[in-house]
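In the numbering used here, the protein residues as written are 1467 to 1896. Note that beta-carbon positions come from the ideal geometry of N, C-alpha and C, so glycine has one too. Encoded as structure tokens, the structure appears first; notes follow it.
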């Protein structure tokens, strides 16, 4: 894997003006559009990109129970699915019932595309790139290309909120330390879905006391809102439902790309021994937050935030493949480093990083599906690695970060002179 990129001391650099750069991005985006149209057609019943929206309709159904005071956690909702998020999120979802289910799914698809664009654009801006026309165009092409990454495609396909939480956190923590209400985005994200709570721990570990306090206050405010609007459901959630991860799914499912899921599959049990899982989660948390702390110490805020996001997916009791959308900013970081390296071989790193994240198609008896590598049938020798692909990638990335940044003072990003604007003709092939 790559040595992680370094933080940018000043803004103003530009993406390459050489036609090869935008041309390559355009070719990749076109290939992805063709894949969406031909490999698993967008209109293909159920499995096409715009033919599901199940999770978004569950959110809408949860909002409807708030309006009816019908017991948010007492019964299954749309499609027989249980509502598993904190009460505050259901309050936020209630307005979705002002429009039809069909319009809700359409708006959800459009929103996720827009949010993905915002995530990519924010990443480039935080790395110090000028927000000129070239950046806007390149970001659009990357947005289309990233929709063939399994975590992203599945998020869009299901109408999930992973991208929404990520953009909220990246925007929030990407602001300068000391910014007004910095940390509020983390707090609100935690109130919507608990896993972003690890970012509060990261703020404490990195001694960002003011932001941590703001995040905690923001989270507590969401809890209060939940109790004010739906008191009985809030009481039920915070005293009982929060402990029932089985409402989400079976731990040993291959789609559970968390440490708990990996242990269950490797040990061939329904659930891993509690103490073993807690030990593994503690080690992974220390590894991920240690790498995040070191990145922050070296002035690499986006890398620190990304590592914490990946850690939260690794140590959560249940993490669907689409929870790993934090690979998107990591890919932007890898591309940024390749631009700064000044040699064509540096682009092998983002390519190698993207390969295990791609959607892979498989023809099942009744359908052709775009699935993650963890669902692809393979040999007995490779199956344990395929089934643990995202957590294993996380370990490699965190260890690589610690090794690459363990020594040396706070450093700047690899130099990319604003005068040469990252132009590709300056790259030397080695």
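For residue 1829, the enclosing beta strand (DSSP E) covers residues 1826-1830. Linking residue 1529 to residue 1549 through their CA atoms gives a straight-line distance of about 10 Å.
Cβ neighbours of residue 1688 within its own chain (closer than 8 Å, five residues either side excluded): 1552, 1554, 1653, 1654, 1656, 1657, 1658. Residue state for residue 1627 is assigned as coil, using DSSP reduced to three classes.
Around the Cβ of residue 1705, a 10 Å sphere holds fewer than 16 other Cβ atoms; the residue is exposed. Rounded to the nearest whole angstrom, the CA to CA distance from residue 1795 to residue 1820 is 12 Å. Under the criterion of beta carbons closer than 8 Å, residue 1752 and residue 1857 do not qualify as touching, at roughly 15 Å.
Less than 8 Å separates the beta-carbon of residue 1622 from that of residue 1515.
Secondary structure of residue 1848 (DSSP, three-state): coil. The C-beta of residue 1696 has 16 or more other C-beta atoms within 10 Å across all chains shown, which makes the residue buried. Here the C-alpha atom of residue 1737 lies approximately 13 Å from the C-alpha atom of residue 1720. Closest in alpha carbon position to residue 1694, among 1532, 1761, 1870, is 1532.
Nearest C-alpha to residue 1843 among 1826, 1558, 1833: 1826.
Under the three-state reduction of DSSP output, residue 1595 falls in the strand class. For residue 1557, the CB contacts under 8 Å within the same chain, skipping 5 residues up- and downstream, are 1529, 1532, 1691, 1692, 1695, 1696 in chain order. Bridge partners of residue 1479 according to DSSP: 1595.
Of all C-beta pairs linking the stretch 1826-1838 to the stretch 1496-1510, three or more are shorter than 8 Å, placing the two stretches in contact.
Of the residues assessed, residue 1616 falls on the buried side of the cut-off, its CB having 16 or more other CB atoms within 10 angstroms.
With fewer than 16 other Cβ atoms inside 10 Å of its own Cβ, residue 1741 counts as exposed.
Residue 1805 has its alpha-carbon roughly 41 Å from the corresponding atom of residue 1511. According to the DSSP assignment, residue 1702 belongs to the alpha helix (DSSP H) that extends over 1697-1705. Taken through DSSP and simplified to helix, strand or coil, residue 1833 comes out as strand.
For the options 1590, 1563, 1745, the alpha carbon positioned closest to that of residue 1479 is the one of 1590.
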